[in-house]
Amino acid sequence: MTMTVLGPLPDTVERLDVVREWRVDELIPFLDKPQEAIDEAIARLLDYRDDAKAQIFVPPLFVHPPAPFTGHRTYVVVNQKGGAGKSTTCVELAAAWVAMGYTVRIIDADPQDASITGAWLAPIFDGVPEAERYNLKHVLYGRQPLDEATYETAVKGLYLVPSYKDLDLVNFDGKAARDGMLRAAIGRSTVPVDITIIDAPPSLGKLSVNGLVAADQLILPLKVSGLDKKALVDLQETITSVQSVENPDLVVAAAVLTDWSKSKHAAQIAATVRRDYPDVMIAPARRNVKAAAAPNYGLPLRALDSRATTAVDYDQLAHLLLPVKGAV
Numbered sequence: 017m018t019m020t021v022l023g024p025l026p027d028t029v030e031r032l033d034v035v036r037e038w039r040v041d042e043l044i045p046f047l048d049k050p051q052e053a054i055d056e057a058i059a060r061l062l063d064y065r066d067d068a069k070a071q072i073f074v075p076p077l078f079v080h081p082p083a084p085f086t087g088h089r090t091y092v093v094v095n096q097k098g099g100a101g102k103s104t105t106c107v108e109l110a111a112a113w114v115a116m117g118y119t120v121r122i123i124d125a126d127p128q129d130a131s132i133t134g135a136w137l138a139p140i141f142d143g144v145p146e147a148e149r150y151n152l153k154h155v156l157y158g159r160q161p162l163d164e165a166t167y168e169t170a171v172k173g174l175y176l177v178p179s180y181k182d183l184d185l186v187n188f189d190g191k192a193a194r195d196g197m198l199r200a201a202i203g204r205s206t207v208p209v210d211i212t213i214i215d216a217p218p219s220l221g222k223l224s225v226n227g228l229v230a231a232d233q234l235i236l237p238l239k240v241s242g243l244d245k246k247a248l249v250d251l252q253e254t255i256t257s258v259q260s261v262e263n264p265d266l267v268v269a270a271a272v273l274t275d276w277s278k279s280k281h282a283a284q285i286a287a288t289v290r291r292d293y294p295d296v297m298i299a300p301a302r303r304n305v306k307a308a309a310a311p312n313y314g315l316p317l318r319a320l321d322s323r324a325t326t327a328v329d330y331d332q333l334a335h336l337l338l339p340v341k342g343a344v
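To convert a position in the sequence shown, counted from 1, into the working numbering, add 16.
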């Protein structure tokens, strides 16, 4: 099988501005008011041409270029609201880091049919008997080590731990996926990957908690047209709970505003993130019609169209989070 090799995007692609000040902060005092008051504040305070355009916000103490890291880093991509862009965030960030020289493993912890395994990347089982094609469920029941469930994909340097619908049983079985089990499995892994990305399910059950406990850093995708205030509060409470006990070193690294278009919804959700996570990078992923078609080809969007805005935005975010491998 011929594998796809990912390289840098063209130098001529249009990158977003990176800013340290953003006028959406002026909306923060209005966020707990009725929606009509928020809409009025947006119309009065913001200039859509400048304040609601796509740009990357970095907090005042953000250091660029980022410091190189050694060893291994684990990210979890989590939002309990479905359709937020978790899978796209996982795949496109993974692809960008592969193009930067890293070896990346995605752990698909989402049992839905529309998960990464079910709808996008396929594990390569060449030469593996069907009875030995292990997946994440086997790992979380303690039946197999993580390495036995790690497979190559069609992209060179990108590995996948697959999952299927029966993974959902883990959420209801007290014998499976005890908190910290996934972290321990990653810690014992000897597969030579630099980065592991966990795609958490759209819920706050045992699978998501395992991802939060296992991760060094968290990426939060938020669809700008689907603001769910209660879901954001519930997620923040879960993150805080995990940070207070099981994983005090967990860092919320970035919020990705997916399906970005210039609108009052984008400004409102950006202000909400600025209020709730004041030290977090906020990066838009601009809407692109080709992004929805990428799973049909079983490849990241950047492999199909290196100039697609969605691919470019995730590439820029990847470079802000990590340096090119080997860069001094």
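Built from N, CA and C at the ideal position, the CB exists for glycine as well.
- Query: Where does the unbroken alpha helix (DSSP H) through residue 310 begin, and where does it stop?
  - Reply: For the purposes of this step, residue 310 is taken as the residue at position 294 of the sequence shown. It spans 310-313 - the alpha helix (DSSP H) in which residue 310 sits, taken as one unbroken run.
- Message: Helix, strand or coil, according to DSSP, for residue 123 in the structure here?
- Response: As a working mapping, residue 123 is identified with position 107 in the sequence shown. The answer is strand: DSSP assigns residue 123 an E or B state.
- Could you give the residue range of the beta strand (DSSP E) that holds residue 268? Here the question's residue 268 lines up with position 252 in the sequence shown. If you look at residue 268, you'll find it in the beta strand (DSSP E) that goes 267-276.
- Measure the Cβ-Cβ separation of residue 230 and residue 90 and say whether it is below 8 Å. Counting from 1 along the sequence shown, the entry for residue 230 is found at position 214. Counting from 1 along the sequence shown, the entry for residue 90 is found at position 74. A contact, by the Cβ cut-off of 8 Å.
- Task: Please state if the CB of residue 151 and the CB of residue 251 are separated by a distance shorter than 8 Å.
- Result: As a working note, residue 251 is residue 235 in the sequence shown. As a working note, residue 151 is residue 135 in the sequence shown. Cβ distance not < 8 Å, so residue 251 and residue 151 don't count as in contact.
- Kindly indicate which residue of 254, 284 and 234 has the alpha-carbon position closest to the one of residue 41. If you number the sequence shown from 1, residue 41 lands on position 25. Between residue 41 and the set 254, 284 and 234, the nearest pair of CA atoms involves 284.
- Task: Would you kindly work out how many angstroms separate the C-alpha atoms of residue 189 and residue 147, rounded to a whole number?
- Result: The residue you call residue 189 lines up with position 173 of the sequence shown. The residue you call residue 147 lines up with position 131 of the sequence shown. Rounded to the nearest angstrom, the gap between the Cα atoms of residue 189 and residue 147 is 23 Å.
- residue 197: first and last residue of the uninterrupted alpha helix (DSSP H) it sits in: In the sequence shown, the residue the question calls residue 197 occupies position 181. That run of the alpha helix (DSSP H) goes 197-204.
- Count the CB pairs spanning the region 161-173 and the region 196-207 that are closer than 8 Å, and state whether there are at least three. Yes, since at least three Cβ pairs between the region 161-173 and the region 196-207 fall closer than 8 Å, the two stretches touch.
- First and last residue of the alpha helix (DSSP H) that includes residue 89? Taking the first residue of the sequence shown as position 1, residue 89 is located at position 73. Unbroken run through residue 89 is the beta strand (DSSP E), 89-93; no alpha helix (DSSP H).
- Item | Burial state of residue 239, where buried means 16 or more other Cβ atoms lie within 10 Å | One-based indexing of the sequence shown puts residue 239 at position 223. Around the beta-carbon of residue 239, 16 or more other beta-carbon atoms lie within 10 Å, marking it buried.
- Message: Please list the terminal residues of the continuous alpha helix (DSSP H) segment that includes residue 44.
- Response: Within the sequence shown, residue 44 is the residue found at index 28, counting from 1. In the DSSP annotation of this structure, residue 44 is not part of any alpha helix (DSSP H), being labelled neither H nor E.
- Query: By Cβ distance, which residues of its chain are closer than 7 Å to residue 192, with the 5 residues on each side in sequence left out?
  - Reply: Along the sequence shown, read from residue 1 onward, the residue named residue 192 stands at position 176. Apart from the 5 residues on each side of it in sequence, residue 192 sits with its Cβ closer than 7 Å to the Cβ of 156, 157 and 186 in its chain, given in chain order.
- Go through its chain and collect everything with a Cβ distance to residue 274's Cβ below 6 Å, but skip five positions before and after it. Position 258 of the sequence shown holds residue 274. Result list for residue 274: 101, 237, 239 and 301, in chain order.
- Supposed close pair residue 179, residue 136 - CB separation, criterion 8 Å: Position 163 of the sequence shown, counted from the first residue, corresponds to residue 179. Position 120 of the sequence shown, counted from the first residue, corresponds to residue 136. The beta carbons of residue 179 and residue 136 sit about 12 Å from each other, so the pair does not count as a contact at 8 Å.
- Query: residue 296: which of 37, 215, 52 and 99 sits nearest, CA to CA?
  - Reply: Numbered from 1 along the sequence shown, position 280 holds the residue referred to as residue 296. Among 37, 215, 52 and 99, the Cα nearest to that of residue 296 belongs to 37.
- Query: Short check: CB of residue 170 to CB of residue 314, under 8 Å?
  - Reply: Position 154 of the sequence shown, counting from 1, holds the residue named residue 170. Position 298 of the sequence shown, counting from 1, holds the residue named residue 314. In contact: residue 170 and residue 314 (Cβ atoms closer than 8 Å).
- Task: Would you tell me roughly how many angstroms separate the C-alpha atoms of residue 293 and residue 75, rounded to the nearest one?
- Result: As a first step, residue 293 must be located in the sequence shown, where it is residue number 277. As a first step, residue 75 must be located in the sequence shown, where it is residue number 59. Residue 293 and residue 75 have their C-alpha atoms roughly 10 Å apart.
- Return the Cβ separation of residue 332 and residue 32 in integer angstroms, given the expectation that the two are a contact with Cβ distance under 8 Å. Along the sequence shown, read from residue 1 onward, the residue named residue 332 stands at position 316. Along the sequence shown, read from residue 1 onward, the residue named residue 32 stands at position 16. So it is a contact: roughly 6 Å between Cβ atoms.
- Cβ-Cβ separation, residue 337 to residue 347 (assumed contact under 8 Å), whole Å: For the chain, the structure presents residues 17 to 344; residue 347 sits outside this window and is missing.
- Item | Which of helix, strand or coil DSSP assigns to residue 290 | Position 274 of the sequence shown holds residue 290. Residue state, collapsed to three classes: helix.
- Message: Check whether the region 207-222 and the region 120-130 are in contact - that is, three or more C-beta pairs closer than 8 Å.
- Response: Taking one beta carbon from each stretch, the region 207-222 and the region 120-130 have 3 or more pairs nearer than 8 Å; the two touch.
- Task: With DSSP as the reference, label residue 307 as helix, strand or coil.
- Result: Numbered from its first residue, the sequence shown carries residue 307 at position 291. Three-state DSSP puts residue 307 in a helix.
- For residue 186, the three-state DSSP class (helix, strand or coil): The residue you call residue 186 lines up with position 170 of the sequence shown. Three-state DSSP puts residue 186 in a helix.
- Which residues does DSSP pair with residue 215 in a beta bridge? Start at 1 with the first residue of the sequence shown, and residue 215 comes out as number 199. Note: residue 215 is bridge-paired with 93 and 124 in the DSSP secondary-structure output.
- Is residue 343 buried or exposed, if buried means 16 or more other CB atoms sit within 10 Å of its CB? Within the sequence shown, the letter at position 327 stands for residue 343. By the 10 Å Cβ count, residue 343 comes out exposed.
- Using beta-carbon positions only, say whether residue 270 and residue 44 come within less than 8 Å of one another. Your numbering for residue 270 matches position 254 in the sequence shown. Your numbering for residue 44 matches position 28 in the sequence shown. Result no, Cβ atoms of residue 270 and residue 44 do not sit closer than 8 Å.
- Beta-carbon gap between residue 133 and residue 319 smaller than 8 Å: Counting from one through the sequence shown, the residue named residue 133 turns up at place 117. Counting from one through the sequence shown, the residue named residue 319 turns up at place 303. The answer is no: Cβ separation not under 8 Å.
- Query: Any idea if residue 312 is buried or exposed, counting beta-carbon neighbours within 10 angstroms, 16 or more meaning buried?
  - Reply: Residue 312 sits at position 296 when you count from the first residue of the sequence shown. The Cβ neighbour count for residue 312, taken over all protein chains shown within 10 Å, is under 16; the residue is labelled exposed.
- Would you tell me roughly how many angstroms separate the C-alpha atoms of residue 121 and residue 330, rounded to the nearest one? Counted from its first residue, the sequence shown places residue 121 at position 105. Counted from its first residue, the sequence shown places residue 330 at position 314. Near 17 Å, if we compare the C-alpha coordinates of residue 330 and residue 121.
- Quick one: what does DSSP say residue 239 is sitting in, helix, strand or coil? Position 223 of the sequence shown, counted from the start, is the residue given in the question as residue 239. DSSP, read as helix, strand or coil, puts residue 239 in strand.
- The alpha helix (DSSP H) with residue 54 in it runs from where to where? As a position in the sequence shown, residue 54 is number 38, starting the count at 1. Looking at the DSSP string, the run of the alpha helix (DSSP H) that includes residue 54 is 51-61.
- Query: Quick one: is residue 210 buried, meaning 16 or more other Cβ sit within 10 Å of its Cβ, or exposed?
  - Reply: Residue mapping note: residue 210 aligns to position 194 of the sequence shown, counting from 1. Per the 10 Å Cβ criterion, buried.
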